[in-house]
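Everything below concerns the one structure shown next.
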Amino acid sequence: MKMTDSREITCIQCPQGCTLHAEKQSASSANGTSSANGTSSANSASNANGANQVSNANSSFCQCGDAVYKITGNKCPRGRAYAIKELTNPSRTLTTTVATIFDDCPLVSVRTDGDIPLRDVFRVMQELNNYRACKRLHPGEVLIEDLAGTGVALLATGDMTAPNTTNHPTT
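Position one of the sequence shown corresponds to residue 21 (this note's numbering), numbered consecutively onward.
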């Protein structure tokens, strides 16, 4: 087995924060373990990201494009799924603030209604830097239906309608 690449990923799917190891393998090392009679003991499946997964009793393998990764360190199946997602299509829920036109509430907190691809975060933030909320918002209210062409909505998390709403520093 020739290891050419290794990634360490901290899982964020639960409070355990497992340290996952994804080691790039040669294709022959991920074909499963063979028993004495020559049959393979590995099971193969595909996930939603199109990555092929091969699992046996000792470890999990994931084929991501031309690369095959051995994934270890997860204490639950969610960790393995997270590692595969990070290898194939990393994405994040974005939380930030946007400017408003209101003097008593110059910023409102917001978040995306789903994950956006990591490669699009800076483009999305550039769009949000130029955005101004022009009406009083309730938590959960949609500000932008399709944020920067990602297909993900932007939601208000702050309440601009509550009495004495303010989110600027007191002097």
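Ideal Cβ positions, reconstructed from N, Cα and C, are used throughout, including at glycine.
Find the nearest neighbour of residue i within the set the options, judged by alpha-carbon distance.
{"i": "residue 38", "options": "29, 44 and 132", "result": "29"}
{"i": "residue 42", "options": "32, 91 and 178", "result": "91"}
{"i": "residue 104", "options": "182, 181, 132 and 31", "result": "31"}
{"i": "residue 168", "options": "88, 148 and 160", "result": "148"}
{"i": "residue 132", "options": "25, 111 and 125", "result": "111"}
Which same chain residues, not among the five before or five after residue i, have their C-beta less than 8 Å away from its C-beta?
{"i": "residue 151", "result": "118, 119, 163 and 164"}
{"i": "residue 35", "result": "none"}
How many Å lie between residue i and residue j at the Cα?
{"i": "residue 166", "j": "residue 113", "result": "14 Å"}
{"i": "residue 174", "j": "residue 83", "result": "33 Å"}
{"i": "residue 135", "j": "residue 171", "result": "10 Å"}
{"i": "residue 33", "j": "residue 107", "result": "15 Å"}
{"i": "residue 154", "j": "residue 140", "result": "25 Å"}
{"i": "residue 50", "j": "residue 80", "result": "Bear in mind that a pLDDT of 49 at residue 50, under 50, signals an unreliable position, so the number given afterwards is only what the model happens to contain. Their Cα atoms are separated by approximately 9 Å."}
{"i": "residue 161", "j": "residue 45", "result": "46 Å"}
{"i": "residue 125", "j": "residue 115", "result": "18 Å"}
{"i": "residue 23", "j": "residue 102", "result": "Bear in mind that a pLDDT of 44 at residue 23, under 50, signals an unreliable position, so the number given afterwards is only what the model happens to contain. About 22 Å."}
{"i": "residue 123", "j": "residue 89", "result": "53 Å"}
Once you ignore the five residues that flank residue i on each side, which residues in its own chain have a CB closer than 6 Å to its CB?
{"i": "residue 94", "result": "38, 40 and 100"}
{"i": "residue 129", "result": "117, 177 and 178"}
{"i": "residue 121", "result": "152 and 154"}
{"i": "residue 87", "result": "44"}
{"i": "residue 56", "result": "Any reading at residue 56 is ruled out, since the residue's pLDDT is 34, under 50, leaving its predicted position unreliable."}
May I ask you to list the residues that DSSP assigns as paired with residue i?
{"i": "residue 91", "result": "42 and 80"}
{"i": "residue 137", "result": "111"}
{"i": "residue 132", "result": "174"}
{"i": "residue 12", "result": "With the chain covering 21 to 191 only, the question about residue 12 has no answer from this structure."}
{"i": "residue 27", "result": "42"}
Got a sec? Which residues, its chain only, sit under 7 Å from residue i by beta carbon, not counting five neighbours each side?
{"i": "residue 27", "result": "42"}
{"i": "residue 181", "result": "156 and 158"}
{"i": "residue 25", "result": "44"}
Under 7 Å: does the beta carbon of residue i sit that close to some heavy atom of the ligand SAM?
{"i": "residue 121", "result": "This structure lacks the ligand SAM; in fact it carries no ligand of any kind."}
Taking three-plus beta-carbon pairs below 8 Å as touching, is the segment 95-105 in contact with the segment 139-156? no
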